[in-house]
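Visitor: Numbering (my numbering), first residue to last: 2 to 218.
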Ligand code: AP5
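#1: Taking 6 Å as the cut-off, is the C-beta of residue 113 nearer than that to any heavy atom in ligand 1?
#2: Say yes only if the C-beta of residue 150 is nearer than 6 Å to one or more non-hydrogen atoms of ligand 1, and no if none qualify.
#3: Under 8 Å, with one C-beta from each stretch per pair, do the region 121-140 and the region 93-108 reach the 3-pair mark?
#4: How about the region 188-205 and the region 106-117: do they share at least three Cβ pairs that are nearer than 8 Å?
#5: Given a cut-off of 7 Å, decide if residue 15 and residue 7 are closer than it, judged by their beta-carbon atoms.
#6: Mark residue 55 as exposed unless 16 or more other C-beta atoms lie within 10 angstroms of its C-beta, in which case mark it buried.
#7: Measuring straight from C-alpha to C-alpha, what distance separates residue 89 and residue 37?
#8: Report the three-state DSSP secondary structure of residue 77 (helix, strand or coil).
#9: What does a CB cutoff of less than 7 Å around residue 144 pick up in its chain, not counting 5 residues either side in sequence?
#10: Considering only their Cβ atoms, is the gap separating residue 28 from residue 82 smaller than 7 Å?
#11: Distance, Cα to Cα, residue 22 vs residue 212?
#12: Say the cut is 6 Å; is the CB of residue 209 nearer than that to a heavy atom of ligand 1?
#13: Say yes only if the C-beta of residue 159 is nearer than 6 Å to one or more non-hydrogen atoms of ligand 1, and no if none qualify.
#14: Is the CB-CB distance between residue 40 and residue 48 below 7 Å?
#15: If we ignore side chains and look at the alpha-carbon of each, how far apart do residue 200 and residue 174 end up?
#16: Let me know the secondary structure DSSP gives residue 112 once reduced to three states.
#17: Run the proximity test for residue 87: is its beta-carbon closer than 6 Å to any non-hydrogen atom belonging to ligand 1?
#18: Once the 5 residues before and after residue 51 are set aside, which same chain residues still bring their CB inside 8 Å of it?
#19: Among 129, 78, 87 and 72, which residue has its Cα nearest to the Cα of residue 101?
#20: Roughly how many whole angstroms lie between the Cα atoms of residue 193 and residue 110?
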């Protein structure tokens, strides 16, 4: 069973890599960002509450995201392992995750900490385009779609995320440094942290992550 956390600033490539690792190792990618965006799209009460925080580049309150993750782990979706993408993001979330996993006697395999310079993150986020239909992620320069504005996978329309505007990006980076970066030491002290240079191209980052995880079982 492979149980991973992908930790890193906005735009470093957590989602891109989590998807690739999920396909290679057949383990689910659990992205709190995707779950929250789905709730916003559905217009649920949770989605309405989350949207105000997301649009401002702030973190959604711990009680909401912890509830989403607890439900997911309870649901049995994670019996063959998991990749947590974008969770935990605060020490309180990490402590609550420890409690849930202890209770279920599940051990974390590794915390993959991906990093890249701020200028690179800003370039990646401002050029990101996402498929409105299947969620596939592209980049106007680094990973362009074959046909402008259309998804290579399903032909759906590509859109720019509301929180990928430059001033919101800067706030997300500030919030990351203040609230999420302390998790690097939290997991280092538990001997779980593995550093990955996220400034390389997508395939090189993927190769590094796969070497860390090892061959497919
Ligand atoms: P979330 O959706 O998790 O956003 P994030 O952490 O800011 O991360 P991103 O999705 O922006 O970036 P990524 O690292 O996945 O990069 P990607 O692979 O797309 O969260 C959004 C919001 O939801 C938060 O701000 C918060 O409000 C809320 N939220 C979510 N989880 C929460 C939690 N636990 N607690 C509280 N609130 C929470 O890549 C970016 C771009 O770069 C793409 O275009 C891609 O094609 C390109 N790219 C990727 N890798 C490379 C590479 N190696 N070289 C060149 N380009 C690359």
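Where is the CB? At the ideal position from N, CA and C, for every residue including glycine. No experiment lies behind these values; they were computed from the predicted model shown.
Guide: Taking the structure as given:
#1: no
#2: no
#3: no
#4: yes
#5: In this structure, residue 7 sits near residue 15, with a CB-CB distance shorter than 7 Å.
#6: Classification of residue 55: buried, given that the 10 Å Cβ count is 16 or more.
#7: Cα-Cα distance, rounded: 14 Å.
#8: coil
#9: 203
#10: yes
#11: 11 Å
#12: no
#13: no
#14: For the pair residue 40 and residue 48, the CB atoms are nearer than the 7 Å cut-off.
#15: Using only the alpha carbons, I get a separation of about 16 Å.
#16: Strand.
#17: Residue 87: yes, Cβ under 6 Å from ligand 1.
#18: 37, 40, 41, 61 and 65
#19: 72
#20: Between the alpha carbons of residue 193 and residue 110 lies a distance of about 7 Å.
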